[in-house]
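*Asks:*
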Amino acid sequence: MKTFANAREAALEMRPDVPVYCFRPAVLTEDTRRFADAFPGKTAYAVKTNGEPFVLEEIARAGVKAFDVASPAEFAAARAAAPEAELLYMHPVKAQSDIRLALETYGIRTLSLDHEDEVAKILRIVRGMDLDPADVSLFVRLQTKGSATYELSKKFGAAPAHAVELLQRLDGIGFKPALAFHVGSQIEDPEIYERALGSADWVRSRAGVELAALDIGGGFPASYGHDPRRKKPVMPSFEEIMERLRKDIVEWGFSDMPLIAEPGRVIVARSISLIVRVLLKKGKRIYINDGIWASLSDSWTGKITLPARFIPDPARKRRTGNAENIVPFKVCGATCDSVDILSRPFWLPETVDTGDWIEIGHIGAYSLALRSRFNGFYPDTVVEVETPFDAGEEPEGFAAIETMAD
Ligand SMILES: *Cc1c(COP(=O)(O)O)cnc(C)c1O
Numbered sequence: 005m006k007t008f009a010n011a012r013e014a015a016l017e018m019r020p021d022v023p024v025y026c027f028r029p030a031v032l033t034e035d036t037r038r039f040a041d042a043f044p045g046k047t048a049y050a051v052k053t054n055g056e057p058f059v060l061e062e063i064a065r066a067g068v069k070a071f072d073v074a075s076p077a078e079f080a081a082a083r084a085a086a087p088e089a090e091l092l093y094m095h096p097v098k099a100q101s102d103i104r105l106a107l108e109t110y111g112i113r114t115l116s117l118d119h120e121d122e123v124a125k126i127l128r129i130v131r132g133m134d135l136d137p138a139d140v141s142l143f144v145r146l147q148t149k150g151s152a153t154y155e156l157s158k159k160f161g162a163a164p165a166h167a168v169e170l171l172q173r174l175d176g177i178g179f180k181p182a183l184a185f186h187v188g189s190q191i192e193d194p195e196i197y198e199r200a201l202g203s204a205d206w207v208r209s210r211a212g213v214e215l216a217a218l219d220i221g222g223g224f225p226a227s228y229g230h231d232p233r234r235k236k237p238v239m240p241s242f243e244e245i246m247e248r249l250r251k252d253i254v255e256w257g258f259s260d261m262p263l264i265a266e267p268g269r270v271i272v273a274r275s276i277s278l279i280v281r282v283l284l285k286k287g288k289r290i291y292i293n294d295g296i297w298a299s300l301s302d303s304w305t306g307k308i309t310l311p312a313r314f315i316p317d318p319a320r321k322r323r324t325g326n327a328e329n330i331v332p333f334k335v336c337g338a339t340c341d342s343v344d345i346l347s348r349p350f351w352l353p354e355t356v357d358t359g360d361w362i363e364i365g366h367i368g369a370y371s372l373a374l375r376s377r378f379n380g381f382y383p384d385t386v387v388e389v390e391t392p393f394d395a396g397e398e399p400e401g402f403a404a405i406e407t408m409a410d
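Residue numbers (our numbering): 5 to 410.
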């Protein structure tokens, strides 16, 4: 991987017409350790957030020894990047053949579920392999309620009374029963973990079985930009969220059991930025060489405002407008699809024009992971960059990034 001091240097030297991901290993290490140090249990990185080998390897080097995986390709990627690491198969609804692969080939002994038919699927394979169920930890995924950019309880999770039954069934068979929840991604309400812990406590006391562990999932918010025309959301800092979480864990009586967290976004978001090129400017619209079918899908569906920095092309001698004037541009993506228009504008100097570059910051989560080959566009160029996106001058795109206090 080629290394540059910052994205501006990379853009001016490469003059790229394709999107370029700028990876910052030092930032990834810092954010990985920040999480692992603040969480009083095992940190299992959620591979779906960004499963690139260079990301997984860096996270493993930073000290993470467990990975949350959901498919055969994720088993393989995590195993290749960190051969010694533990794999936690935390997808509640799995194909029978994938369960077999996990148990037989990958030696996975930790799985999750939210229905009795999933217990039957797992038990069939455990019996077939002549495994002792006591060697397998099964996490009952508990439904949670609350507010996150992506609310996942509509899809997965057993209601509390159902979770009680499932735990008792697992205990009866001889599996190690455990409890898990995942509050969704990019939480917007810091109380959400407390409510989930309260619910987990209710389930535990009704079930009357000894829990092997509690897995509190992911959801921890990354810092993004904010649209100056909208009300600034009030969110506590990362440190405040984690302090509150540690206190709640003690108060709800979970501090004496093994704990697991599955952070994704909060660990990788800041470590990658993306250089895109303006292919055309048409009034208040710019057309760029990336879009919702490639790196910007998450910002589109999650209505996330990403911080942007302007990298003018020095070869352009004539510009119209005032460079001091920061205005919103509607951003159209690279494909011929008419829905490929971002849901949030980029705020840029009004002098931005065809051929210029824009560096989009904090885009390490759900960007490369969600790329499609739609219309033949597939960004796949990565360089290494030494300087954090937030270092130096503030990005032009947004007055400020919602910094979670460092
Ligand atoms: C996606 C996912 C995560 C990671 O979520 P983030 O919001 O990126 O932290 C963790 N656990 C499970 C079960 C998930 O599906």
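Idealized CB from N, CA, C, for every residue including glycine.
For L278 and E56, which I take to be in contact (beta-carbon distance under 8 Å), what is that distance rounded to the nearest angstrom?
*Replies:* That pair is no contact at about 13 Å.
*Asks:* Ends of the alpha helix (DSSP H) at E61?
*Replies:* First-last of the alpha helix (DSSP H) with E61: 57 to 65.
*Asks:* Output yes or no for whether 7 Å exceeds the beta carbon distance between A85 and L60.
*Replies:* A contact, by the Cβ cut-off of 7 Å.
*Asks:* Using the beta-carbon count (16 or more within 10 Å), is T7 buried or exposed?
*Replies:* Label assigned to T7: exposed.
*Asks:* Would you say the beta carbon of R210 comes nearer than 6 Å to a heavy atom of ligand 1?
*Replies:* For ligand 1, not one heavy atom lies less than 6 Å from the Cβ of R210.
*Asks:* Kindly identify the DSSP beta-bridge partner or partners of E363.
*Replies:* According to DSSP, E363 bridges with I279, R313.
*Asks:* For K69, which of helix, strand or coil comes out of DSSP?
*Replies:* Coil, per DSSP.
*Asks:* At which residues does the alpha helix (DSSP H) containing W206 begin and terminate?
*Replies:* Counting along the chain, the alpha helix (DSSP H) containing W206 begins and ends at 196 to 211.
*Asks:* Quick check on DSSP: helix, strand or coil for F8?
*Replies:* In the structure shown, F8 sits in a strand (DSSP, three-state: E or B).
*Asks:* Could you tell me whether the Cβ atoms of F430 and Y49 are closer together than 7 Å?
*Replies:* Lying before the first or after the last residue shown, residue 430 is absent from the chain, which here runs from 5 to 410.
*Asks:* Taking only three categories from DSSP, how would you classify S141?
*Replies:* In this structure, S141 counts as strand in the three-state DSSP scheme.
*Asks:* Measure the alpha-carbon distance for M18 versus E243 and round it to whole angstroms.
*Replies:* If you take the alpha carbons of M18 and E243, they lie about 38 Å apart.
*Asks:* Looking only at DSSP bridge pairs, what is K235 linked to?
*Replies:* BP columns for K235 are empty, so no partner.
*Asks:* When we look at the beta-carbon of R322 and count the other beta-carbons within 10 Å, is it buried (16 or more) or exposed?
*Replies:* Exposed is the call here.
*Asks:* Let me make sure I understand the geometry here. Which of A327, K125, T47, V22 has the alpha-carbon closest to that of P262?
*Replies:* Comparing Cα positions, the closest option is T47.
*Asks:* How many whole angstroms separate the CB atoms of D302 and A369, which I take to be in contact at a CB cut-off of 8 Å?
*Replies:* The pair is a contact, with the Cβ atoms about 7 Å apart (cut-off 8 Å).
*Asks:* So, are the CB atoms of G337 and I296 less than 7 Å apart?
*Replies:* Yes, these two residues count as a Cβ contact at 7 Å.
*Asks:* Rounded to whole angstroms, what is the Cα-Cα separation between L127 and P137?
*Replies:* Roughly 8 Å separates the two Cα atoms.
*Asks:* At a cut of 8 Å, does the region 203 to 220 reach the region 143 to 150 through at least three beta carbon pairs?
*Replies:* Contact between the region 203 to 220 and the region 143 to 150 is present, because at least three Cβ pairs lie under 8 Å.
*Asks:* Who's in the neighbourhood of ligand 1, going by beta-carbon under 5 Å from any heavy atom, listed in chain order?
*Replies:* So the residues near ligand 1 by this Cβ test are A50, T53, M94, H186, S189, G221, G222, G223, E266, P267, G268, R269.
*Asks:* Might you give, ordered along the chain, the residues of its own chain that have their beta carbon closer than 7 Å to the beta carbon of A395, omitting 5 neighbours on each side?
*Replies:* None.
*Asks:* Would you kindly work out how many angstroms separate the C-alpha atoms of F39 and K286, rounded to a whole number?
*Replies:* Looking at the two C-alpha atoms, the distance is approximately 43 Å.
*Asks:* Just grab the DSSP bridge partners of F393 for me.
*Replies:* None, per the DSSP bridge assignment.
*Asks:* Counting only beta-carbon atoms, is A138 nearer than 7 Å to chain C?
*Replies:* The structure shown contains no chain C, having only a single protein chain.
*Asks:* Nearest CA to the CA of N54: which residue from I196, V331, V270?
*Replies:* Cα-wise, what sits closest to N54 is V270.
*Asks:* At a cut of 8 Å, does the region 211 to 220 reach the region 179 to 186 through at least three beta carbon pairs?
*Replies:* Short answer: they touch.
*Asks:* Grouping DSSP H, G and I as helix and E and B as strand, with all else coil, what is S301?
*Replies:* In the structure shown, S301 sits in a helix (DSSP, three-state: H, G or I).
*Asks:* Nearest to I308 by CA position, among E354, Q190, T339, is which residue?
*Replies:* Out of E354, Q190, T339, Q190 has the C-alpha closest to the C-alpha of I308.
*Asks:* Output the boundary residues of the alpha helix (DSSP H) element that contains I271.
*Replies:* Here the alpha helix (DSSP H) through I271 covers 269 to 272.
*Asks:* Can the beta-carbon of G365 be found less than 7 Å from the beta-carbon of P332?
*Replies:* No. Outside cutoff.
*Asks:* Near I245, which residues of its chain fall below 7 Å by C-beta distance, leaving aside the five closest residues on each side in sequence?
*Replies:* Closer than 7 Å at Cβ, skipping near neighbours: P194, F224.
*Asks:* Whose C-beta lies closer than 6 Å to the C-beta of R145 among residues of the same chain, with five residues either side of it excluded?
*Replies:* Result list for R145: P96, S116, D118, F160, G161, A184, in chain order.
*Asks:* Assign G132 to one of two classes, buried (16 or more other C-beta atoms within 10 Å of its C-beta) or exposed (fewer than that).
*Replies:* Classification of G132: exposed, given that the 10 Å Cβ count is below 16.
*Asks:* Buried or exposed: which applies to N329, given that a residue is buried once 16 or more other Cβ atoms fall within 10 Å of its Cβ?
*Replies:* Classification for N329: exposed.
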